[in-house]
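To start, the structure itself, in C-alpha cells.
2 protein chains.
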Amino acid sequence: MKISKPTLLIDRYKVASNIDKMIKKAAEAGCVFRPHFKTHQSKEVGKIFREKGVNEITVSSVSMAEYFAEDGWNDITIAFPCNILEIYSINNLAKEVELNLMTDSNFTGDFLSKNLTSKCGLFIKIDIGYNRSGLEYNSPEIDEIIKTCEQSNNLIFKGFLTHDGRNYSAIGKAEIERNLVEAINIFKRLKQKYPGAIFSWGDTPSCSLVEDLGFFDELRPGNFVYYDVMQYHIGSCSLDEIAVAVACPVVSINKSRSELVVYGGAVHLSKEFIAADNNFTLFGYVVNIENNKWLNPINGAYVARLSQEHGIIKMPPKELEKFKPGDIVGILPIHSCLTANLLPDNYIIV
Amino acid sequence: MKISKPTLLIDRYKVASNIDKMIKKAAEAGCVFRPHFKTHQSKEVGKIFREKGVNEITVSSVSMAEYFAEDGWNDITIAFPCNILEIYSINNLAKEVELNLMTDSNFTGDFLSKNLTSKCGLFIKIDIGYNRSGLEYNSPEIDEIIKTCEQSNNLIFKGFLTHDGRNYSAIGKAEIERNLVEAINIFKRLKQKYPGAIFSWGDTPSCSLVEDLGFFDELRPGNFVYYDVMQYHIGSCSLDEIAVAVACPVVSINKSRSELVVYGGAVHLSKEFIAADNNFTLFGYVVNIENNKWLNPINGAYVARLSQEHGIIKMPPKELEKFKPGDIVGILPIHSCLTANLLPDNYIIV
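In C-alpha cells:
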C-alpha cells in the first residue's frame, strides 16, 4: 500500500520480540500473563499474542471487551472502575466470556450483586500511592465489598489489582524498584489477611525493568507491545524496541527556520509531550522511512509543535535539505497508546 | 438516549446562536463567510450552517473534503498545505466540486500544474508571524507560484490565505487587535501588488473579538461554532457560549482527596490543557448535567488529570457529596476541535 496520509507503521518483528520478552518475564516470575490490550486495540495485533499462547487479556472499557470478545477472546478483565451504567452490556458479555470487573466501591459492588445475571469475577482496586482510584489497603470498605460478594450469586471476589502509575513519571530502574518495594509491603499485609486472593500487577516500566516480579500472581502490562519515546525516557526500552512509527507526508519546508511541516498533527499523534527544564518540548522523535521500515532517530531532529493536522519538525539544515514536499518522514510517538487509538484504520503491519 | 459512556452533548441553540453572530459579523465586514468545518467534522452540524444559507466551507484535509462533498457541499477550500501524495483523491474531488487548494511551495504548485485533471483554485499561504507554514509577503516564490498558475490549464491563482495562530496564545482583545494591525500592514502591500487577489482570513479569537474585519474578502473561523475553555480564557467567548460538554459517568469517588474519577479520559477529551504559573493544570471545567443540558461550571471544580480512559476531577467536598457512582457529570473541553474529533460517533445534539 502506498502511503498518502498519516499512517501507523507497526513493526511485526519488534512487536513479536517485545511480546516474547514479556512472556518470558511472566513465566520466570510464575505469573499469569494477562496483557493489556488498550495499547493496540487491534484484533490483528491480538492475533500475534494468540499465536504465542496468550489467552487471558486485560482491557480498559466495556466497548473494548466487546470488540475483543467478538474476535474469540474469552477471558477478559476490564481493569477500569466498573461503570454501572453499562450493566446491560456487561451482562451480555458475561453470558459469553469469563469476565472480571474491578471496583473500589461497595456501592458499585452492591449494584453488581443485585443486577448481574451471569457470574463475574471482581477485583478490588488498591491504591498504592498513585492517587487515581482504589482503596487504601486498610480501608474497611475492602471487607464490605468481599462480604457483598459472599452474599451474591453472581459476583465472585477474585483478588486485588493495582496500577502503579507513579512509574510513568519515574526515571530509571532504581526509582521504579523503590516504588515496587513500597507496593509489595502494602500487598504483603493484604496477602496475610486474604491468603486465597489473586494479586494482579501491571505497568510497563516495572514489568520491563524489574527482574523479580514473583510476589504477584498476574502481570498486566500493555504499552510494552509498542513502547514509545516516553518509555525510552523512563528507561523501560531501547530506541530499537519502539515498534511503531507514524509515517507522515511532508507538506511544507521552511529553510530559514530549518523546519518541515508534515501532515500529521494532534489528531494523529495526540498532544502528549515530554517537557524539559529549559523550555524544550518534545512531541516525538523523527526517523527516516525506507520501505516502510525505520532506523534510529535523525540526530537533532524532533517534533517541536503540533496543531490539529500539522506537525512542525525541527531538523538540522543538512538533514532538511534531503526532503521535498511529497516525501514521507516517520515520527516515533511520545505515547503509543494514544497514537494507536487515533489511527484505528490507518495502519500497516510491516 | 440514555447516556452510558462519554458522550459529546452539542447544544443546538448555542450552536445556532454562535453561527448567527458570526454570519452577522461577516456580513457587516462585507466578507464571504467560509466557516472551517474541522471543529465539528459533522454532517449534522453542517446542516445547521446550511439552513442559515452557508454554502462555502473550509476543511483541513482531503478526507474531510470528501466527507462533506458526499453530503452535497460543493464549494470547499482545503486550508492545509496541499499534500501532493493525495493527487488521486484531489482530482476525483475537483471533478465534482469547486475546490480550492493552498500551498507555500512552487514545487507543489508545479506538481499540481502537471497533475491536475480538473480546474482547482489555489491560495498562497502567507505567514504573518505564526511561523507554522507560509511564505513571507516579500518572498520571490509568490511570483513563481503565480507564474506557474498562469501557465497552467487547471491551476487558478485565487489569492492569499493566512491563519494568525498567535491569537490562540493571546489574552484579550488588545493583543489580538495589535496582531491584526500587523497582519493588515503586511497584507496591504500584497493588495497593492496583486489587486485582484482574494484575501482570506480566519481564526476564532480575532473573528470573535475584532469589530471591523472589512479589510478581508473572506472569513474562515471554525472553533466559534462550539467555543471551549481555551477560547473563554483568551476572551473570545463567554462561558454561556460554549456549546459542547462531554457527559461522563462517575466511576469512583475519593472523599479524602475530594476527587471524582469519571469514565472520560485522554481518548475522549484529548490531552490539551491550560497551565497557570502556580503549577495549576486545567484539563476542563466541570458542569452539572440535567436532561442533557448544563449550567455554568461548578465553582471550584476542575479536571486535574487525565489518563487514557480516566478523568480525575477535583471538587469542593460539599459538591462532591452530591455524586455517587453511576451519576453523570459534564466536562467543558479545553479544545473542542480535538474533543469533537475524538467522539465522532458518541454525540447527541440536544
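Read top to bottom, the protein sequences are chains A and B. The first sequence maps to residues 1135 to 1484 in the working numbering. The second sequence maps to residues 1135 to 1484 in the working numbering. We treat Cβ as the ideally placed atom computed from N, Cα and C, and that holds for glycine.
Discussion item. Could you tell me the alpha carbon to alpha carbon distance between residue 1291 of chain B and residue 1233 of chain B, rounded to whole angstroms?
Written reply: For residue 1291 of chain B and residue 1233 of chain B, the distance between alpha carbons rounds to 12 angstroms.
Fill in: Partners in chain B for residue 1334 of chain A, counting only beta-carbon separations shorter than 9 angstroms
Taking a Cβ-Cβ threshold of 9 angstroms, none of the residues of chain B is close to residue 1334 of chain A; the smallest such distance is about 17 angstroms.
Discussion item. In whole angstroms, give me the CA-to-CA distance for residue 1260 of chain B and residue 1171 of chain B.
Written reply: Taking the Cα positions, residue 1260 of chain B is about 21 angstroms away from residue 1171 of chain B.
Discussion item. Pairs of beta-carbons, one from the segment 1378-1391 of chain B and one from the segment 1414-1433 of chain B, closer than 8 angstroms: are there three or more?
Written reply: In short, these stretches touch, since the Cβ pair count reaches three.
Worksheet item: On the premise that residue 1370 of chain A lies in contact with residue 1403 of chain A, defined as a C-beta separation below 8 angstroms, what is that separation, rounded to the nearest angstrom?
Response: Going by Cβ atoms, the distance from residue 1403 of chain A to residue 1370 of chain A rounds to 20 angstroms, so no, they are not a contact pair.
Discussion item. Give me the subset of the segment 1399-1433 of chain A whose CB atoms are less than 8 angstroms from a CB atom of chain B, sorted by chain position.
Written reply: Contacts with chain B (Cβ-Cβ distance below 8 angstroms) from the segment 1399-1433 of chain A involve 1400, 1401, 1404, 1405, 1406, listed in chain order.
Practice prompt. Please specify which runs of the beta strand (DSSP E), each continuous and at least 3 residues long, are wholly inside the segment 1229-1294 of chain B, giving them in chain order.
Written response: Runs found: 1232-1237, 1254-1259.
Worksheet entry | Best match in B:1328, B:1347, B:1173 for proximity to residue 1473 of chain B [C-alpha to C-alpha] | Distance check between residue 1473 of chain B and each of B:1328, B:1347, B:1173 places B:1173 closest, using alpha-carbon atoms only.
Discussion item. At 4 residues or longer, what runs of the alpha helix (DSSP H) sit wholly inside the segment 1290-1354 of chain B?
Written reply: Qualifying alpha helix (DSSP H) stretches, in chain order: 1307-1327, 1338-1343.
Worksheet item: Quick one: Cα of residue 1312 of chain B to Cα of residue 1300 of chain B, how far?
Response: One C-alpha to the other measures close to 11 angstroms.
Item to complete: Could you give the DSSP three-state label for residue 1221 of chain B: helix, strand or coil?
Response: Helix.
Worksheet entry | Chain-ordered chain A contacts of residue 1391 of chain B [CB-CB under 8 angstroms] | At a C-beta separation below 8 angstroms, residue 1391 of chain B has these neighbours in chain A: 1265.
Worksheet item: Around the Cβ of residue 1247 of chain A, are there at least 16 other Cβ atoms within 10 angstroms (buried) or fewer (exposed)?
Response: For residue 1247 of chain A, the number of other beta carbons within 10 angstroms of its own is at least 16, and it is reported as buried.
Fill in: CA nearest to the CA of residue 1235 of chain B, picked from B:1135, B:1217, B:1226
Measuring from the Cα of residue 1235 of chain B, the nearest candidate turns out to be B:1217.
Worksheet item: Rounded C-beta distance between residue 1481 of chain B and residue 1144 of chain B? I'm assuming under 8 angstroms.
Response: Between residue 1144 of chain B and residue 1481 of chain B the Cβ distance is about 6 angstroms, and since that is below 8 angstroms, they are a contact.
Worksheet item: What residues from chain A crowd round residue 1164 of chain B, counting only those whose CB sits closer than 8 angstroms?
Response: What residue 1164 of chain B touches in chain A: nothing, since even the nearest Cβ is about 29 angstroms away.
Discussion item. Spatial neighbours of residue 1188 of chain A within its chain, please: C-beta separation below 7 angstroms, excluding the five flanking residues on both sides.
Written reply: Excluding residues within five positions, the ones whose Cβ falls inside 7 angstroms are 1167, 1169.
Practice prompt. Go ahead and pull the three-state DSSP assignment for residue 1439 of chain A.
Written response: Annotated three-state conformation of residue 1439 of chain A is strand, per DSSP.
Practice prompt. Between the Cα of residue 1453 of chain A and those of A:1391, A:1427, A:1444, A:1398, spot the shortest distance and give me the residue it belongs to.
Written response: Per the Cα distances, A:1391.
Discussion item. So if I threshold CB-CB distances at 9 angstroms, which residues from the segment 1224-1248 of chain A count as touching chain B?
Written reply: Taking 9 angstroms as the cut-off between beta carbons, the residues of the segment 1224-1248 of chain A near chain B are 1237, 1238, 1239, 1241, 1242, 1245, in sequence order.
Practice prompt. Classify residue 1461 of chain A as helix, strand or coil using the three-state DSSP reduction.
Written response: In the three-state reduction of the DSSP assignment, residue 1461 of chain A falls in the coil class, being assigned neither a helical nor a strand state.
Worksheet item: Is it buried or exposed for residue 1372 of chain A, if we count other Cβ within 10 angstroms and need 16 for buried?
Response: Exposed: under 16 other Cβ atoms inside 10 Å.
Discussion item. Determine, for residue 1388 of chain B, whether the minimum Cβ-Cβ distance to residues of chain A falls below 9 angstroms.
Written reply: Closer than 9 angstroms to some Cβ of chain A, the Cβ of residue 1388 of chain B qualifies, so yes.
Fill in: Boundaries of the beta strand (DSSP E) in which residue 1445 of chain A is found, first to last residue
Its beta strand (DSSP E) spans residues 1444-1448.
Item to complete: For the alpha helix (DSSP H) holding residue 1483 of chain A, just list the boundary residues, first then last.
Response: For residue 1483 of chain A, no alpha helix (DSSP H) segment is defined; the enclosing uninterrupted segment is the beta strand (DSSP E) at 1481-1483.
Practice prompt. Give me the Cα-Cα distance between residue 1393 of chain B and residue 1200 of chain B, rounded to the nearest whole angstrom.
Written response: Using only the alpha carbons, I get a separation of about 43 angstroms.
Worksheet item: How about residue 1460 of chain B: is its C-beta nearer than 9 angstroms to some C-beta of chain A?
Response: Cβ-Cβ to chain A under 9 angstroms: yes for residue 1460 of chain B.
Worksheet item: Which residues, in chain order, does the segment 1342-1374 of chain B contribute to contact with chain A at a C-beta distance below 7 angstroms?
Response: Of all residues in the segment 1342-1374 of chain B, none has a Cβ within less than 7 angstroms of some Cβ in chain A.
Worksheet item: Does any residue of chain A bring its CB to less than 9 angstroms from the CB of residue 1472 of chain B?
Response: Closer than 9 angstroms to the CB of residue 1472 of chain B there is at least one CB belonging to chain A.
Item to complete: Over the uninterrupted beta strand (DSSP E) stretch that includes residue 1425 of chain A, give me the two end residues.
Response: For residue 1425 of chain A, no beta strand (DSSP E) encloses it, and the DSSP letter there is neither H nor E.
Worksheet item: Which chain A residues are close to residue 1443 of chain B, counting only those with a beta carbon under 7 angstroms from its beta carbon?
Response: By Cβ distance, chain A contributes 1194, 1195, 1214.
Worksheet item: If you measure from the beta carbon of residue 1137 of chain B to each beta carbon in chain A, is any gap under 9 angstroms?
Response: Against chain A, the CB of residue 1137 of chain B has a partner CB under 9 angstroms away; the residue lies at that interface.
Worksheet item: Apart from the five residues just before and just after residue 1305 of chain A, which ones in its own chain have a Cβ nearer than 8 angstroms to its Cβ?
Response: Excluding sequence neighbours, residue 1305 of chain A sits near 1367, 1368, 1369.
Worksheet item: Is residue 1475 of chain B close to chain A, meaning its C-beta is less than 9 angstroms from at least one C-beta of that chain?
Response: Yes, residue 1475 of chain B lies at the interface with chain A (some Cβ there is under 9 angstroms from its Cβ).
Item to complete: Give the single residue among A:1197, A:1202, A:1185 whose Cα lies nearest to the Cα of residue 1191 of chain A.
Response: The candidate whose alpha carbon is nearest that of residue 1191 of chain A is A:1202.
Discussion item. Can you find the residues in the same chain that come closer than 8 angstroms, C-beta to C-beta, to residue 1157 of chain A, ignoring five residues on each side of it along the sequence?
Written reply: The beta carbon of residue 1157 of chain A lies closer than 8 angstroms to those of 1167, 1186, 1187, 1188 in the same chain, with the five residues before and after it left out.
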